[in-house]
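Protein chains in written order, with the numbering used here: chain A, 54 to 330; chain B, 567 to 838.
Note that beta-carbon positions come from the ideal geometry of N, C-alpha and C, so glycine has one too.
In this text the structure is predicted, and so the values were computed from the model without any measurement.
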Amino acid sequence: MNRQFFRASLGALPFCLSAVCVAAAPQYAVVDLGSATVAGAGLAWQTHIPYSQLAPAGWPAAGGSSCYGNPPKNFLGAEFGNVAVGATCLQDGGEEAAKWTLSGGTVTLTALGALPGANNGGGIDFPFAYAWDFNTLGDIVGQSTSRYPVPVQPSRSYARHGFIYNNGNWTELIPIAGVNYESTAEGINDSREVVGQTETISSTTGEVLDRAFVYINGTMYNLTFYLVGGPTVLLSDAHGIDCQGNIAATGTPASGGGTQHNYLLLRQGAAPTNCPK
Amino acid sequence: MKARNLRALLGALALPTSAVCFAAAPQYAVVDLGAAYVAGSGLTWQSRQSKPAPANWPSSGGSQCFGPVAPYIEAQYGNVAVGATCEPDYGNQAAKWTVASDGTVTLTDLGRLPGAGGDVNGPYSAAYDFNNVGDIVGVSQSNAEQNHAGCPCVALHGFIYNNGTWTDLVPIAGPAYESIAYAVNDSHEVVGVTDTISSTTGEVLNRAFVYIGGTMYNLTFYLVGGPTVLLSSALWIDCQGNIAAVGTPAAGGTTHNYLLVRQGAARTNCPK
Numbered sequence: 054m055n056r057q058f059f060r061a062s063l064g065a066l067p068f069c070l071s072a073v074c075v076a077a078a079p080q081y082a083v084v085d086l087g088s089a090t091v092a093g094a095g096l097a098w099q100t101h102i103p104y105s106q107l108a109p110a111g112w113p114a115a116g117g118s119s120c121y122g123n124p125p126k127n128f129l130g131a132e133f134g135n136v137a138v139g140a141t142c143l144q145d146g147g148e149e150a151a152k153w154t155l156s157g158g159t160v161t162l163t164a165l166g167a168l169p170g171a172n173n174g175g176g177i178d179f180p181f182a183y184a185w186d187f188n189t190l191g192d193i194v195g196q197s198t199s200r201y202p203v204p205v206q207p208s209r210s211y212a213r214h215g216f217i218y219n220n221g222n223w224t225e226l227i228p229i230a231g232v233n234y235e236s237t238a239e240g241i242n243d244s245r246e247v248v249g250q251t252e253t254i255s256s257t258t259g260e261v262l263d264r265a266f267v268y269i270n271g272t273m274y275n276l277t278f279y280l281v282g283g284p285t286v287l288l289s290d291a292h293g294i295d296c297q298g299n300i301a302a303t304g305t306p307a308s309g310g311g312t313q314h315n316y317l318l319l320r321q322g323a324a325p326t327n328c329p330k
Numbered sequence: 567m568k569a570r571n572l573r574a575l576l577g578a579l580a581l582p583t584s585a586v587c588f589a590a591a592p593q594y595a596v597v598d599l600g601a602a603y604v605a606g607s608g609l610t611w612q613s614r615q616s617k618p619a620p621a622n623w624p625s626s627g628g629s630q631c632f633g634p635v636a637p638y639i640e641a642q643y644g645n646v647a648v649g650a651t652c653e654p655d656y657g658n659q660a661a662k663w664t665v666a667s668d669g670t671v672t673l674t675d676l677g678r679l680p681g682a683g684g685d686v687n688g689p690y691s692a693a694y695d696f697n698n699v700g701d702i703v704g705v706s707q708s709n710a711e712q713n714h715a716g717c718p719c720v721a722l723h724g725f726i727y728n729n730g731t732w733t734d735l736v737p738i739a740g741p742a743y744e745s746i747a748y749a750v751n752d753s754h755e756v757v758g759v760t761d762t763i764s765s766t767t768g769e770v771l772n773r774a775f776v777y778i779g780g781t782m783y784n785l786t787f788y789l790v791g792g793p794t795v796l797l798s799s800a801l802w803i804d805c806q807g808n809i810a811a812v813g814t815p816a817a818g819g820t821t822h823n824y825l826l827v828r829q830g831a832a833r834t835n836c837p838k
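Structure, rendered in structure tokens:
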């Protein structure tokens with residue numbers, strides 16, 4: 054039995070070994086929404102495409118008039134009500150994560166910076182951090198350059214990691230493959246469950262794989278191994294998570310020979326009762 | 567019990583009424599994907615996003631296209647794309663482009679629903695989706711005039727086009743109202759939005775529909791457990807007949823996304 058699958062099976066049952074109790078791992082039932090790349094075949098999730106949505110032209114930018122490009126460019130990741138997050142351009146080049154608050158026609162920028170110790174501007178990099186989503190508790194998630202070099206040069210000189218930011222505090226979502234690999238955080242709910250994509254290392258081939266993750270209470274779970282019935286689907290990305298803990302994901306059937314499908318992962322267990330109507 | 571509820575129940579059970587037998591109506595289980603516009607709450611279906619066609623793709627209007635109304639793409643799979651091509655001087659019409667292996671792009675201007683009327687803005691139709699059995703769906707000026715909202719003007723109707731044959735998806739409210747067809751699967755099931763008339767207030771409502779076997783079904787009334795959700799639009803339909811929809815809880819609340827899971831035996835011929 055695959056070690057991670059064994060871990061998933063054990064994790065689903067809260068148990069104690071000696072004096073150490075292991076928290077129950079999450080479990081998800083899979084709903085196949087069909088092939089995403091064949092006409093008439095599938096349902097598609099909203100996904101995050103960097104630099105695809107410009108913020109309104111009048112919104113303030115960290116680099117001000119010294120931003121590259123004309124006019125200065127800010128990019129949106131998510132907008133709910135009077136708050137938006139994304140990336141703001143910097144002087145000469147690059148972006149850092151940003152939050153904009155709209156009040157009475159005035160837009161206020163909070164430039165979040167990047168992960169502490171990030172090697173911004175080192176090697177061939179421009180500074181880079183991008184916020185993709187936020188919740189109502191002050192958490193903002195995204196991706197930032199880190200302090201760790203990538204193992205194979207040159208692609209980017211420093212690995213990009215997912216993050217959670219809350220009022221000046223950063224949590225670095227270390228990729229399952231290790232610090233020298235990459236992850237990105239794409240969605241968060243009010244239970245502080247985060248989803249996104251992480252690199253993993255295949256236990257059979259040693260290949261670097263893109264895999265969907267959920268981060269719960271300090272643990273990065275490779276979602277492929279936390280499905281009811283086992284790893285029937287190889288999940289490559291998780292785009293969003295709702296108040297109930299259900300997840301919008303993309304992957305391919307583990308049986309092989311299939312195209313990319315979209316999936317709904319239904320969180321098992323008692324549902325939260327305080328979700329917005 | 568509302569007449570439409572009764573119809574839904576009878577339809578789902580395929581009960582004979584007098585000498586008339588109704589085909590079984592579809593039924594859908596609802597999965598609530600959460601509040602769409604509250605941070606940290608909901609999952610979101612991909613919205614329809616048009617994009618400009620590549621500059622070297624042919625258009626019906628060519629250099630006579632008016633202003634910024636360039637050809638645009640609404641759906642593309644493999645070497646086929648559908649959308650709308652600009653026309654000489656004004657307007658645009660539903661279009662299909664096929665890209666050959668040598669890179670040559672062929673345009674088919676589909677035109678509009680037969681007998682479609684016009685207005686000062688010129689002809690209008692657009693294609694939103696297609697399947698593998700020749701169906702293209704979208705919206706077009708129809709042969710009916712609107713009878714509300716300060717018109718006269720031409721009512722827009724959803725359509726299915728297949729090799730020169732048009733099917734007019736007449737809105738549930740009637741031909742003087744409007745509908746749009748957004749998506750189609752290989753079982754010729756079409757989803758979109760249609761005007762309906764409230765049986766209690768007489769108000770014109772936007773409602774999600776599925777068109778199956780010649781019938782426009784108001785999806786809100788074909789849900790397992792009854793109309794617990796007021797579905798305002800259906801965006802996509804997959805090979806199994808599952809539907810991506812948007813609406814609000816009937817008990818009140820904000821806009822949510824929903825997955826409608828088609829009930830009945832699973833289809834075995836869907837792409838892997």
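Legend: CB atoms of the stretch 664–698 of chain B lying less than 7 Å from CB atoms of chain A belong to residues Phe696, Asn697 and Asn698.
Taking 4 residues as the minimum length, the stretch 679–715 of chain B contains no alpha helix (DSSP H) run wholly inside it. Leaving aside the five residues that flank Ile809 of chain B on each side, the residues in its chain whose CB is nearer than 6 Å to its CB run, in chain order, Val757, Ala800, Ile803 and Leu826.
Rounded to the nearest whole angstrom, the CA to CA distance from Val286 of chain A to Thr277 of chain A is 6 Å.
When DSSP reads this structure, Glu149 of chain A sits in a beta bridge with A:Thr141.
Judged by their CB atoms, Thr163 of chain A and Asp243 of chain A are not nearer to each other than the 7 Å cut-off. Look at Gln612 of chain B: its C-beta is under 7 Å from a C-beta on chain A.
Neighbours of Gln297 of chain A in chain B, taken as residues at a C-beta separation under 7 Å, are given in chain order as Gly600. Within the same chain, Cβ atoms closer than 8 Å to the Cβ of Ala602 of chain B are found at Gly608, Thr610, Val812, Thr820, Thr821, His822 and Asn823, the five residues on either side in sequence being excluded. Residues of the stretch 91–105 of chain A with a C-beta less than 8 Å from any C-beta of chain B: Val91, Ala92, Gly93, Ala94, Gly95, Leu96, Ala97, Trp98, Gln99 and Thr100, listed in chain order. Here the alpha carbons of Pro113 of chain A and Val665 of chain B stand approximately 43 Å from one another. For Ser197 of chain A, the enclosing beta strand (DSSP E) has its first and last residue at Ile193 to Pro202. Its chain contains Val596, Pro815, Ala816 and Ala817 as the residues whose beta carbon lies nearer than 8 Å to that of Thr794 of chain B, once the 5 sequence neighbours on both sides are disregarded; these appear in chain order. Annotation: Thr794 of chain B is outside any beta strand (DSSP E) and is labelled neither H nor E by DSSP.
Rounded to whole angstroms, the separation of the alpha carbons of Val247 of chain A and Ile269 of chain A is 7 Å. By the Cβ criterion, the stretch 664–683 of chain B is in contact with the stretch 635–655 of chain B, since at least three pairs of Cβ atoms, one from each stretch, lie closer than 8 Å. Looking at the backbone, the Cα of Leu797 of chain B and that of Met782 of chain B are separated by about 14 Å. When secondary structure is reduced to three states using DSSP, Leu276 of chain A falls in the helix class. Taking every protein chain shown into account, the CB of Glu769 of chain B has fewer than 16 other CB atoms within 10 angstroms, so this residue is exposed.
Shown in chain order are the members of the stretch 299–330 of chain A whose Cβ falls below 7 Å from a Cβ of chain B: Asn299, Ala301, Pro306, Gly310, Gly311, Thr312, Leu317, Cys328, Pro329 and Lys330.
With contacts defined as CB atoms closer than 7 Å, Gln707 of chain B and Ala682 of chain B qualify as a contacting pair. By the Cβ rule, the stretch 318–329 of chain A does not count as touching the stretch 98–117 of chain A, because fewer than three pairs are nearer than 8 Å. DSSP places Gly116 of chain A outside both helix and strand once states are collapsed to three, so it counts as coil.
Taking a Cβ-Cβ threshold of 9 Å, none of the residues of chain B is close to Asp263 of chain A; the smallest such distance is about 20 Å. Residue environment analysis places Gln196 of chain A among the buried positions, since at least 16 neighbouring C-beta atoms fall within 10 angstroms of its C-beta. A distance below 8 Å between beta-carbons, with the five flanking residues on each side excluded, links Lys662 of chain B to the following residues of its chain, in chain order: Val646, Ala647, Val648, Leu673, Thr674, Leu676, Ala693, Phe696 and Ile702. Chain B places a beta carbon closer than 7 Å to that of Ser88 of chain A, counting this residue as a contact. Between Val812 of chain B and chain A, the shortest Cβ-Cβ separation is not below 7 Å. At a cut-off of 7 Å between beta-carbon atoms, Ser607 of chain B makes contact with chain A. Annotated three-state conformation of Phe787 of chain B is helix, per DSSP. In terms of Cβ geometry, Glu252 of chain A and His101 of chain A do not form a close pair [threshold 7 Å]. Annotation for Arg213 of chain A: the continuous beta strand (DSSP E) segment containing it runs Tyr211 to Asn219.
Short of 8 Å from the beta carbon of Leu722 of chain B, and not among the five residues preceding or following it, lie these beta carbons of its own chain, in chain order: Tyr690, Val705, Ser706, Gln707, Ser708, Glu744, Ser745 and Ile746. Within the stretch 240–322 of chain A, the complete beta strand (DSSP E) segments of 3 residues or longer fall at 247–254, 261–269, 272–275, 286–294, 300–306 and 314–320, listed in chain order. By the neighbour-count definition (other C-beta atoms within 10 Å, threshold 16), Ala182 of chain A is a buried residue. Here Gly304 of chain A is near Leu288 of chain A, since their CB atoms are less than 7 Å apart.
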